[in-house]
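Down below is the structure, laid out as structure tokens.
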Amino acid sequence: QKEVEQNSGPLSVPEGAIASLNCTYSDRGSQSFFWYRQYSGKSPELIMFIYSNGDKEDGRFTAQLNKASQYVSLLIRDSQPSDSATYLCAVNPGGGADGLTFGKGTHLIIQP
Amino acid sequence: NAGVTQTPKFQVLKTGQSMTLQCAQDMNHNSMYWYRQDPGMGLRLIYYSASEGTTDKGEVPNGYNVSRLNKREFSLRLESAAPSQTSVYFCASSGVVYTEAFFGQGTRLTVV
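Chains A and B, in that order, give the protein sequences.
All residue numbers for the first sequence refer to our numbering, where the first residue is 223 and numbers rise by one.
All residue numbers for the second sequence refer to our numbering, where the first residue is 2 and numbers rise by one.
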């Protein structure tokens, strides 16, 4: 069973601080990794994807991948109240078109 | 550019009734997916279509059928709805090179 694990939270972070979201996955052969943001009652929205070990930055967001440790993380700098949402980690185990495996999500709350 | 469009947005069914959820994408993507999202369970793959003319079972296919009508459209059918199928259903599509999934707005289905 290919699994993606996330702490469900809630994770509470003060406005302006760095929010750190973590994810582990079980399939060592996984090729690509994604972070989605989902507001309550809305559909998941892609924030970032990462394929290679290391860091990938996009604005206030940084995705980090460590394939040896089977660990993916998302950092949100200068957190804003609008960042309050559930963040879903997703993995494409085979790198093909047979769908993503999702974690259950981490509920992030940014406190003004 | 609408992206991924699902209909209907809301539906209430009685146990034993049938219905079809419609999904269309205008991003010229090869692959399309149906997921369901339940509280505490995360997003789970029901069926997918890696390319036009092919469909395959995902993690939770029982009670569902799908049709890939053409490259744009992928429908999900519930032949005899059960209360356990009460859920939010998301259709998604993805390209070939980059396999991130783009989601429709969801269908909130209640079976009573």
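Heads up, the beta-carbon is just placed ideally off N, CA and C, and yes, glycines get one too.
Bear in mind that the values here come from a model prediction, so they are computed numbers and not experimental data.
- Put simply, the CB of Leu322(A) is near chain B, with a gap under 8 Å to one of its CB atoms.
- Shown here for Ser230(A): same chain residues with a beta carbon closer than 8 Å to its own, the five before and five after excluded, namely Lys326, Gly327, Thr328 and His329 in chain order.
- With a threshold of 16 other beta carbon atoms within 10 Å, Ala83(B) falls short and is exposed.
- Of all alpha-carbon atoms in Ser265(A), Ile298(A) and Thr246(A), the one lying nearest the alpha-carbon of Lys10(B) is that of Ser265(A).
- Nearest CB-CB separation between Ala102(B) and chain A: below the 8 Å threshold.
- For His329(A), the enclosing beta strand (DSSP E) has its first and last residue at Thr328 to Gln333.
- With its beta carbon less than 8 Å from one in chain A, Gly43(B) belongs to the interface.
- Residue ranges of uninterrupted beta strand (DSSP E) with 3 or more members, entirely inside the stretch 77 to 111 of chain B and ordered along the chain, are 88 to 95.
- Residues of the same chain with a CB within less than 6 Å of the CB of Ser242(A), apart from the 5 flanking positions on each side, are Leu297 in chain order.
- At a cut-off of 8 Å between C-beta atoms, Leu46(B) counts as an interface residue with respect to chain A.
- With fewer than 16 neighbouring CB atoms inside 10 Å of its own CB, Ser304(A) falls in the exposed class.
- A direct Cα-to-Cα measurement between Thr111(B) and Gly105(B) gives close to 18 Å.
- Taking 8 Å as the cut-off, the Cβ atoms of Arg45(B) and Val89(B) do not count as close.
- When the beta-carbon positions are compared, Gly54(B) and Arg69(B) come within less than 8 Å of each other.
- Uninterrupted alpha helix (DSSP H) stretches at least 4 residues long and entirely within the stretch 285 to 310 of chain A do not occur.
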